[in-house]
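Notes for the one structure printed next.
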Amino acid sequence: MRIATFTTLLGDRLSAAHRIRHVGTGLSLLLAALVTTGPGCSDDEGGGPSGAAIDTLLSPRVLLLGQSTRVTCAVSDASGNLVEEATAYATLPAGEITGDLLKPTAAGVTKVTCQTADDRLIDPSPADLIVIGEGDRDRLDIETTLSKNTASIGEAVSVTCAAYFDNAPLDGIDFKVEATPEAGITIADRQVTGTADGDFDIACRIVDSTFADETPERLVVGKGGLRPTKVVTGLNKSPIAAGESTTVACTVYDQNGDVMQWDTIVTASDDGVQVSGNVVEGRTAGEHTITCEVPTGASAVETVPATLVVTPAVPATFKAWAEPAKPVYKPEDVVTIKWEAKDGYGNPVPSATATVTAPAGTQKEGAPNAYRLLADGNYVFKVSLDGDANLSDEVELLVDGSGPIIIITSPDRGQTLTGDTLITVTGEVTDEWGGVATLEVNGVPVTPSETGAFTTQIDSSQGLNLVVARATDKHGNAGKASVAWYFSSAWAVADALTPELAWLDNSLRVWLSQELLDDYDHAEQKCDENNVCSPKIDDLATLLEIILTNVDLAALLGQPVLFEQVFADLVNVDLGVAILKGDLRLWADISTIRFGTAQLNLDSRNGGIDMKAMFVPDNESKALEIGLSVHIRFDLMANGQFDTGLGFAIPFSAGLDPSPEAVSTALLTIDTLGIDSSFDINASGGVLNINGQKVGLEPGDVTLSPLADVGIDLGNVKVSIAGFGLVDIPLGTIDLTQLVSGLDTVISSIASPILTAVLDLIGADILDPLIAYAGGDLIEGFLSSLEIDQTIDIPELIPGQPPAAIAIGAKISDVQFTDAGGRLGLTGRAVAEKKVDANPLGSILRDGCLGAKATPYQLPQTGPMEVAIGMDLLNEVLYGLWYTGGLNLTITGDSLGSLIGGGSLPGAIITLEPKLAPILSDCNSKGTLRLQLGDAYIDASLPLGDLLIDFSGWISIEVDVALTSADGKLGIKINGITAFDLTVTEIDGAFKNDPQGLEDLLKNLLNGVLSDVLGESLSGIEIPAIELDGLAPGVPPGTAIKLDGLDLVKSNGFFQLEGSLQ
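Per this note's numbering, the very first residue in the sequence shown carries number 11; after that it's consecutive.
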């Protein structure tokens, strides 16, 4: 069988492509008979008429009973090429067949015969499978034979393997050679070579089996012969220049230390040396290890290498560069010009020197060949190798530290806009050294034209609109420009020259609940530290009770005449010296009036307030005591005779001049007096109207005391004759009852008319003015106290803030009373004198946030008293502060130090000039309150020790704030900066080349200042009280409308304060 040939040809190609099937025992016997007899067999093994053949291959061919072998049926054509064809095989004796695996069932020789599936080809030389039983291992013998048993190190020894079964040689057995130990010897096919001294057992083994030579052959390596133990390397010349050669001498020593002849090879440690036999040529400068070695590479041979030093040759190339190496540099960068000369083999020549010629715009530094790049531009350094003018180089550096220049041409800074919300923003962007790479406006990419012009549109929102254009060049430098404007659909002109245009309808709202008007509990007292107590005034009714109890009614009413009557010819009396005849004139008026204690209730109703008052006696008075004066005057003529003492008398008739007059008194008392009144309250044309009317009067226990007795002085009668006064006749003082007979009857007759007149007077002349006073004057005064008309000097909130004055006004424009209480609307304004160089549309109006939040504000009417201040009115105050120049600040080092937490910053100065007023706005997606300031010009110089920050530019900022209330005081809480932009126009000092770093620093600094300083200065703001102690006599000092138990809510553009009367 052609085992060797087929083993080579088959390889991995014989696999599942060959179908293996078990033919069966009967067929096996038939095949065995055919093999024995050999009829129809061709001369070729397994051959057929076509010249094709089939061979039977086994692996392994020798095995123990119980083990398996692999059967391969190899079919070849007439040319000896393997072909794929379905095959089968048969065994004799029978065995267990599983595919191509055969497991013999009996010890001895098993014949295995392959054939094609169509029986076209049958292997005429079946393969013998040697099957050895467990007790028959000694029947197999494997022999190992060496060509020699002693060899030098490195000497090859041939190995011959043979197998015998029952002493008969077995042909076609594949063997492999094994050595023990494995280290120190190499095996190649059927040869072994010792690489170290030692004894080695060499044995043959049948491939893929457990059968090996059990008596290996001993091979002794190196012992008993001369062998190399040391090789020493020598160089003819070292060092050598790159490109030069030198020879290598190799000396071999045996174990006795004697020089011996042995083949050697020369090796180099790296590619920097070229080796050709025993000649080496230097290529790479440096130290290289050259080593002579024996061909065996035996580890037992000591090698002593030599060091070849290669030096650079003369320069052949020259290159210069800058360190640090960058694609682009920034101004103030320092570079060092470096160079390198190399020989023809690429070795640097360290000894090469050169001369550097620096361009203009650079500054020589202290280090060798170090230069500072001063500004943007292209810089070319020329570097020439000393001693060889033909070798030179140029170093070209690009310096670009400036980003693109962006100019926004429209809109101008600090504009106030209205109308169409879509605003066109135009500008241009250029970059000299890097070229514009990107442009974004508010984060949206924009493509400029070839000339750099760009246009985009911004949809404005209510309040501050900040547009930031950012561009980068191809070197990563950034440029920025910004512009800010305020947008609103409505503005208010707030100028001191036209204050009437600044009025804002219902910009102040007030709610007075029924509880505030009258809580029906007037017995509460408040006591001071000395335990002096007085009524606690926590509603309007209690206040009016005190006023009515203490009012000076006599001063209020004057002395109205209650009754007047003339009694003609009532006097006719003989006084002896004369007879008096004439008329009696009598009238009564009020001399004193006093009320007892007032008890009063107020009830709110639709359209006004109803008042129920009751006057009751106190320790000093009845409910009402009226002192009456009854005036009596006589128009009299005196008739008589004047005795001259000459014996005759002269008759006379004369009037009494002046007419004699007497006054009597009486007292009218009323034990109880109840009054029901009603007041209609409204506002028309900005004027508060209160109309009161008496709807009921209930006097109780009315008493009029008798007139007191009184005398009358009649004076003198002047007697004149022919125009000459002769004498005054004294008439004396007499009792009225002597003058007028029946005077008591007369007085009695007028008592009833007097009483009737007094009662009418209580209603018309006393109560009507009192009602007008209590209802009209006092209630109107109470409500009108909410109105404002004053000029306020703004305190210095920030060091360096110039003085400013704002005229603030508020007047009642709408009044609505219901059963629950009264709702007042006030028109407010704040105006100031113009002192800024700007022409804004006016103070911004919220106007429903461009329709996004158009729900009108309404007071909740849930607290005792509520006051709501419109954001529009507060913005007028802020506008006035800016409009009058109050925010044009110059802050020096001392002030700045205190502003940021103490100390001083000598030489520091900051100038701030906003182009727009600060505004409050809640027109954002979150509805939070934000303080906005756009386009404020800032110029700052801040020397901080050795560090200088010097810049000018434009700042726009938005700060999230919250109004707080605690302990009856207002405060401002700074939540943080929500938008910030600093666009630098000029910069020097520490941040000269880092404007973004300056912006980040200022943002962080402002965040801290706003939170720590401004928040602290604007916390604990007292709500001003409306003083009422001057409203009328009797009002206790310190009585005021003050919001107590303060709560603050922001709603629909209003700041709502809730509290109570204190």
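Using N, Cα and C, we set each Cβ at its ideal position, and we do this for glycine too. All values derive from a computational prediction rather than experimental measurement.
Exercise. Is it buried or exposed for V451, if we count other Cβ within 10 angstroms and need 16 for buried?
Worked result: buried
Exercise. Between which two residues does the alpha helix (DSSP H) containing D857 stretch?
Worked result: 857 to 860
Exercise. How about G858 and A864: are their beta carbons less than 8 Å apart?
Worked result: yes
Problem set entry | Simplified DSSP assignment, three categories, for E106 | strand
Exercise. Which two residues bound the contiguous alpha helix (DSSP H) that contains L507?
Worked result: L507 -> no alpha helix (DSSP H), and no H or E assigned at all.
Exercise. Could you give the uninterrupted runs of the beta strand (DSSP E) lying entirely in the segment 906 to 986, keeping only those of 3 residues or more?
Worked result: Runs found: 919 to 924, 929 to 931, 940 to 954, 957 to 976.
Exercise. Rounded to a whole number of angstroms, what is the C-alpha to C-alpha distance between A98 and F185?
Worked result: Approximately 27 Å, taken between the alpha carbons.
Exercise. Cα separation between L1011 and L992?
Worked result: In a straight line, the C-alpha of L1011 is about 11 Å away from that of L992.
Exercise. By how many angstroms is the C-alpha of G955 removed from the C-alpha of S1027?
Worked result: Residue confidence is low: S1027 scores 45 on pLDDT, short of 50, so the model does not pin down where it sits. No coordinate-derived value is stated.
Problem set entry | R147 - DSSP class collapsed to helix/strand/coil | helix
Problem set entry | DSSP-derived helix/strand/coil call for T355 | Note that residue 355 corresponds to Tyr in the displayed sequence, not to Thr. Y355 falls in the coil class under three-state DSSP.
Exercise. Is any heavy atom in the ligand ADP found nearer than 7 Å to the beta carbon of S795?
Worked result: Judged by which ligands are present, the structure shown has none, so any question about the ligand ADP falls away.
Problem set entry | Sequence-distant residues of the same chain with beta carbon closer than 7 Å to P322, five excluded per side | A252, A295, D353, N357, P358, V359
For this session: State the start and end residues of the unbroken beta strand (DSSP E) segment that holds S794.
Result: Per DSSP, S794 belongs to no beta strand (DSSP E); it is in the alpha helix (DSSP H), 790 to 794.
For this session: State buried or exposed for P238, treating a residue as buried only when at least 16 other CB atoms are found within 10 Å of its CB.
Result: buried
For this session: Can you have a look at S614 and say buried or exposed, based on whether 16 or more other CB atoms are within 10 angstroms of its CB?
Result: buried
Problem set entry | Residue range of the alpha helix (DSSP H) that includes L550 | 550 to 560
Exercise. Using a C-beta cutoff of 8 Å, does I680 count as contacting chain D?
Worked result: As a matter of chain content, chain D is missing from the structure shown, which is built from one protein chain.
Exercise. Can at least three beta-carbon pairs, one atom from the segment 816 to 829 and one from the segment 689 to 703, be found at a separation below 8 Å?
Worked result: yes
Exercise. Where does Q125 sit, in a helix, a strand or coil, going by DSSP?
Worked result: strand
Exercise. Alpha helix (DSSP H) containing G437: first to last residue?
Worked result: Where G437 is concerned, there is no enclosing alpha helix (DSSP H), although the beta strand (DSSP E) it sits in stretches over 432 to 440.
Exercise. At what residues does the beta strand (DSSP E) containing L393 begin and finish?
Worked result: Correcting the residue type first, residue 393 is Val in the shown sequence and not Leu. Start and end: 387 to 395.
Problem set entry | I416 and K490 closer than 8 Å at C-beta | In this structure, K490 lies closer than 8 Å to I416 by Cβ.
Exercise. Thinking C-beta only, is A623 closer than 8 Å to E843?
Worked result: no
Problem set entry | Among G462, I195, P249, V187, the one whose alpha carbon lies nearest that of F221 | V187
Exercise. Under a three-way DSSP split, which group does P369 fall into?
Worked result: Of the three classes helix, strand and coil, the one that applies to P369 here is coil, per DSSP.
Problem set entry | L612 vs I619 beta-carbon contact at 8 Å | Annotated as proximal: L612 and I619, with beta-carbon spacing under 8 Å.
For this session: Measure the C-alpha to C-alpha separation of S38 and D176 and round it to an integer number of angstroms.
Result: Only weak support is given to the placement of S38: the predicted model assigns it a pLDDT of 34, under 50, and the question is left unresolved by the model.
Exercise. Touching or not, the segment 835 to 842 and the segment 884 to 898, by the rule of three or more beta carbon pairs under 8 Å?
Worked result: yes
Exercise. So W1078 and L855 are in contact, right, with Cβ under 8 Å, and what is the actual spacing, rounded?
Worked result: Because the chain spans 11 through 1072 in this model, residue 1078 falls outside it and cannot be assessed.
For this session: Counting only the same chain and skipping the five closest in sequence on each side, list residues whose C-beta sits under 7 Å from that of L957.
Result: A1000
Exercise. According to the neighbour-count rule (16 or more other Cβ atoms, all chains shown, within 10 Å of its Cβ), is D932 buried or exposed?
Worked result: buried
Exercise. Is the segment 143 to 151 in contact with the segment 101 to 112, if contact means three or more CB pairs nearer than 8 Å?
Worked result: Verdict: no, contact absent.
Exercise. With D403 and V393 assumed to form a contact (beta carbons below 8 Å), what rounded beta-carbon distance in angstroms separates them?
Worked result: 5 Å
Exercise. How long is the line joining the alpha carbons of P661 and N649, rounded to whole angstroms?
Worked result: Each residue's CA atom was taken as its position, placing P661 and N649 some 8 Å apart.
Exercise. D998: buried (16+ other C-beta within 10 angstroms of its C-beta) or exposed?
Worked result: exposed
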